[in-house]
Every structure is written in C-alpha cells, then in structure tokens.
Amino acid sequence: MASTEPHFLLAVADVAGKSIPAALLMATFQASLKTLSETSSSLPELVTGMNRYACTNSQSGLRFTTAFLAEFDPATRGLTYINAGHNPPILRRNSGAIERLTNGGLPLGMWADKTYETGNVILQPGDWLVIFTDGVAEAENGLKEEYGEQRMLDVLQSCAGATPDELLRRMMSDLEAFIGPTPQHDDITCMLVKAA
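Note that my numbering has the sequence shown beginning at -9, numbered continuously upward.
Written out as structure tokens, the structure is:
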C-alpha cells in the first residue's frame, strides 16, 4: 500500500548578479519552481525543466542561478537531491561525522541540454542538514576576512543538541559578531533541517 504521507520539497537558490535583472531572474525561478512542482514529475525532471526555463532568461549563460533542490520522503527517511552548482550543503550525522551533498551539475541557466546527477541519503534521527548561500561563508568583517564555512561548522558541532530555531539564532549571532558593522554585499540565507 502506498504511503499517504506528504513529501517535502526543499529549495535554496542564489542568482548571480545584483539589482533588478537578478531580482527578475529570481522571480522567474520561483514561478517555474511553483509551476513545475505542482506536476507529477520526478526531481530530475523538475530540475531539467527549471534549467530550460532559466536558459530562456539567462542572456546566453551570463545570468545563472545556483540551486540546491531536494525531496524528502518521511516514510522512508530518504532525501533525494540535486545540487546545481550551489555551495555543497552540510549533512552532520548524529555521530558528528560531516558529509557534503555534491551530486548534481552546473548552475541553472548555463546550458539547456544539461542533465543532472541525483544524490540520495537517508536522514537518521539527530542528523542536521544545513543549506546555505555563499553570502554566509563569504561574509566579510572590517579587515576583509571571510567568515568561512569552518566557523559555521564549529557552531553546528557545539550546538548539535539545539532546536532548529536555537541553532539558527546561534549561527546568525556568531556571523553578526564576526562581521560587526561591516556592510555586506550579498544575501545571507541559511536553511536548517533536523531529522527527528
């Protein structure tokens, strides 16, 4: 008998560039994600369709979007994912071991006929999934030093027993303490998922 539990789609994306053209490309990404996710297509079909949409607005690959898209099935605890040129998300196992989710391909909008490799992992109780944009790792302080992924990993390791809300607050507090009053020139986005 088929499971009636819903599947969950996770998506974090980052458009190359700034200003109105980048905002329009992100709006196109969001619209195509909403439209295509309402069909019965598989994750690879969804990403392939989104890549085709992105290519129609990419100025021959000059405007592209990195993205991490994943589908989680609570019944099997399986996470199927595609990393389209995005910062590799961190999977922190309950044991403390760190894995990176790298399977995928090029950013969306570069080549319309590209295919994407799918990755699969099983999320066990206590595992953490951290999906973030480069604005987190590349945030700079007044001395032009980058925050870096290691600082984020240190907070993750020291606060693994926290709730997602608590851990996100700790990560953002640590980041803000590092950068101080220095203006940032990139979006800072971080999504946390804790397997129960």
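Ideal Cβ placement from N, Cα and C applies to all residues, glycine included. The structure displayed is predicted, hence computed values, not measured ones.
| Quick one: Cα of Ile112 to Cα of Leu143, how far? | 21 Å
| task | Pick out the complete beta strand (DSSP E) segments inside the stretch 69 to 139, 3 residues or longer, and give them in chain order. | result | 80 to 82, 88 to 90, 109 to 112, 118 to 122
| Within 10 angstroms of its Cβ, does Gly99 collect 16 or more other Cβ (buried), or is it exposed? | buried
| Among residues of its own chain, excluding the 5 on either side of Pro22, which ones have a beta-carbon nearer than 8 Å to its beta-carbon? | Per the sequence shown, residue 22 should be read as Ser rather than Pro. Only Gly39, Met40, Tyr43, Ala44 meet the Cβ criterion.
| message | Quick test of the definition: if touching needs 3 or more C-beta pairs under 8 Å, does the stretch 52 to 62 touch the stretch 2 to 17? | response | yes
| Three or more beta-carbon pairs under 8 Å between the stretch 109 to 126 and the stretch 70 to 83, yes or no? | yes
| query | Using the rule of at least 16 other Cβ atoms within 10 Å of the residue's Cβ for burial, across every protein chain shown, is Gly94 buried or exposed? | reply | buried
| query | Excluding five sequence neighbours on each side, which residues of the same chain lie with their C-beta closer than 6 Å to the C-beta of Ala102? | reply | Arg42, Cys45
| message | If you measure between the beta carbons of Gly109 and Leu91, is that distance less than 9 Å? | response | yes
| query | Alpha carbon to alpha carbon, how far is Tyr106 from Gln174? | reply | 32 Å
| Among all the DSSP beta bridges, which residues are the ones paired with Ala6? | Ala6 pairs with nothing; no bridge assigned.
| Element boundaries [beta strand (DSSP E), containing Asp63] | 55 to 63
| task | Determine the burial state of Lys188: buried for a count of at least 16 other Cβ atoms within 10 Å of its Cβ, exposed for fewer. | result | Because the chain is modelled from -9 through 186, residue 188 falls outside the range shown and cannot be assessed.
| field | Cutoff 6 Å; reference Glu89; Cβ partners in own chain excluding five residues on either side | value | Leu81
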